[in-house]
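Note sheet for the following structure.
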Amino acid sequence: MRQQIRYTLPRLSLVALMLASQQLNSVYAYACKEKIIVIGAGVSGLAAAKKLHDEGCDVTVLEGRDRLGGRIFTSQVGDLTIDMGASWIHGIGKGADGLKEWENKYNPLYQVTLDNKITTLATWQDEGDTESLYFWYKGGETTYDVGTVFKNFENSLEDLQEEADINTSLKDLYSKYDLTKKTSKGDAKVDQNIKDYTLAYFYGFEYAADADQLSGKYIDNDSYFFGPEHIFPDGYIQIPKALAKNLNVILNQKVTKIDYSKDSVNVITENGKVYEADRVVVTVPLAILKSNMITFTPQLPKSKQDSIEKMGAGLMDKLYLEFEDVFWDEEADWLDYISDGNVKWGITLNYYKYTKKPVLLMFNIGKDAREFAEMSDEDVIKQAMETLRTMYPKATDYVAYKRSNWSHDEFARQAYSFVKIGATKKDPLNIASDIDKKIYFAGEHTNFNFLGSAHGAYISGTDAASKIIEDYNSNFEQSLVSNFMYLRFAF
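Here the sequence shown is numbered in full-length UniProt numbering, starting from 1 and rising by one per residue.
In structure tokens form, the structure reads like this:
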């Protein structure tokens, strides 16, 4: 009898192992049978959904707007296709500064263009390769030695950052530094305007924020992809459309509540529709998380709420102006403007250089963008034209225009995110962290390495999807081990 038991137990254990092996093969073949809801059909949401769909998950994407893309929004001015949100692939690769995981790899968005035969157009290899002309409020091109001021800034930044703490703003860094030394002609007002412009030129426009809001400690600490910058002649919207192929995307679904208090998660929309899921990926912009448009039950952990509050929701808006003919310098990339007492209309892109269409693209950031956001189209264009005529007295009237106003977009309320004074590089990671392996977060605001970029959004989406698959597989394996132990001791 003892001998029979001794031989029976190993056989039962072997059967259990065989069953476990079969189930493991199944899970890795199909990866995921869970129901996943992704909130937001921007780049991060679609990237997450595509990866989860490809792994076998039952994925539904809920989008509040009546279109794909989120802050990618392709439109028209005249007969020219333009992008009102994201415009560039910032560095196509291969490789990214300081990040081994991207060695010999393209920027993932550029890889999407290659995989889907999407045409892009190179603008410049590096920002330093561009040709800029500097104008000012006194009329025409400035006589001030702007180049030397820029060199002073670049040469001093790293040393000044060593003394900075998390509450030091970019403006604070240079509050006592003579940035205009060796160029000043003794006019304090001009010196201050040049100084303000320099801080905006280097980092204000890059991070869509004012110098008194930007963390002096963490600017220029993120990474970037190598290679030229590319735009889309037929619009950036081609990327979201490519990612959305074969996905179940439901538009006009404004999510107002996420209840994860039970085993499953309920996602409730404004019209009362309830979607049930095993896990949810939240990809709404940082400003939407700040606004509490979506109520979480239970509330988000205090540490996550704190990180959401600490990070900055930047604002940049665009104004495209089309003209009958080109009246500006055709070969310049940038037409930069030093204003009096602010940084309004600080940079203008010569779109003609790349498209051969007589179009200028003008930008505003931070408090200036918020001021313009409350103005009519007519008043905004009037100020833009006054600036252009200060730069070029013979500027002609525009014939068409298109304007963005992201702070008034219900589902965005911002352009892109930045590390605000008081925040640290850990805050984006904290926002990205999952809750109870049920609620996951993605978006450009969750990726410190590529904060504020479309490729950062994409990477955050695929990272969230990978974490879901990892958690799913881990739970499944733990279940198999538990079942095996039960069978072993049951007999």
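Each residue gets a CB set at the ideal place from its N, CA and C atoms; glycine is no exception.
Secondary structure at Val-343: coil, using DSSP grouped into helix, strand and coil. Under the three-state reduction of DSSP output, Lys-182 falls in the coil class, being neither helix nor strand. If you keep only unbroken alpha helix (DSSP H) runs of at least 4 residues inside the region 388-460, you get 426-432. Its chain contains Thr-198 as the residues whose beta carbon lies nearer than 7 angstroms to that of Phe-150, once the 5 sequence neighbours on both sides are disregarded; these appear in chain order. Annotated three-state conformation of Trp-102 is helix, per DSSP.
Distance from the CA of Ser-453 to the CA of Asp-427, rounded to the nearest whole angstrom, comes to 17 angstroms. Looking at the DSSP output, Thr-60 sits in a beta bridge with Ile-37, Asn-248.
Under the DSSP assignment, Tyr-110 falls outside any beta strand (DSSP E), being part of the alpha helix (DSSP H) whose first and last residues are 108-115. The criterion of a C-beta distance shorter than 8 angstroms is satisfied by Leu-99 and Ser-223. Proximity to Phe-327 across Tyr-337, Ala-209, Glu-309, Leu-360 peaks at Leu-360, based on C-alpha coordinates.
If you look at Ser-44, you'll find it in the alpha helix (DSSP H) that goes 43-54. Three or more pairs of CB atoms, one per stretch, sit closer than 8 angstroms, so the region 225-240 contacts the region 111-129.
In this model, Ala-164 and Ile-435 are separated by some 33 angstroms (Cα to Cα). Met-375 sits exposed, since fewer than 16 C-beta atoms from the chains shown fall within 10 Å of its C-beta.
Rounded to whole angstroms, the separation of the alpha carbons of Asp-263 and Asp-377 is 50 angstroms.
DSSP places Gln-76 inside the beta strand (DSSP E), whose first and last residues are 74-77. Boundaries for Asp-191: no beta strand (DSSP E) harbours it, while the alpha helix (DSSP H) harbouring it runs 188-199, taken from the DSSP string. Counting only runs of 3+ residues, the beta strand (DSSP E) found wholly inside the region 300-364 occupies 316-323, 334-338, 347-350, in chain order. Here DSSP, grouped into helix, strand and coil, assigns Asn-266 to strand.
Between the region 32-45 and the region 56-69 there are three or more C-beta pairs closer than 8 angstroms, enough to call the two in contact.
Rounded to the nearest whole angstrom, the CA to CA distance from Ser-184 to Glu-158 is 23 angstroms. With a cut-off of 8 angstroms on Cβ pairs, the region 194-212 is not in contact with the region 60-77, counting fewer than three such pairs. Between the region 244-263 and the region 131-145, the count of C-beta pairs closer than 8 angstroms stays below three; the two stretches do not touch.
Per DSSP, the continuous beta strand (DSSP E) segment holding Ala-277 begins and ends at 274-277.
When Leu-160, Tyr-354, Val-146 are compared, the shortest CA-CA separation from Lys-181 is found for Val-146. Put simply, the region 392-411 does not touch the region 263-277. Fewer than three CB pairs are less than 8 angstroms apart. For the pair Thr-283 and Gly-40, the CB atoms are nearer than the 8 angstroms cut-off. Taking a C-beta distance under 8 angstroms as the contact criterion, Ile-421 and Ser-175 do not qualify as a contact pair. Here Ser-215 carries a strand assignment [DSSP, helix/strand/coil]. The beta-carbon distance between Asp-333 and Lys-353, rounded to whole angstroms, is 6 angstroms. This is short enough to meet the 8 angstroms contact definition. Under the DSSP assignment, Glu-229 falls in the beta strand (DSSP E) whose first and last residues are 229-231.
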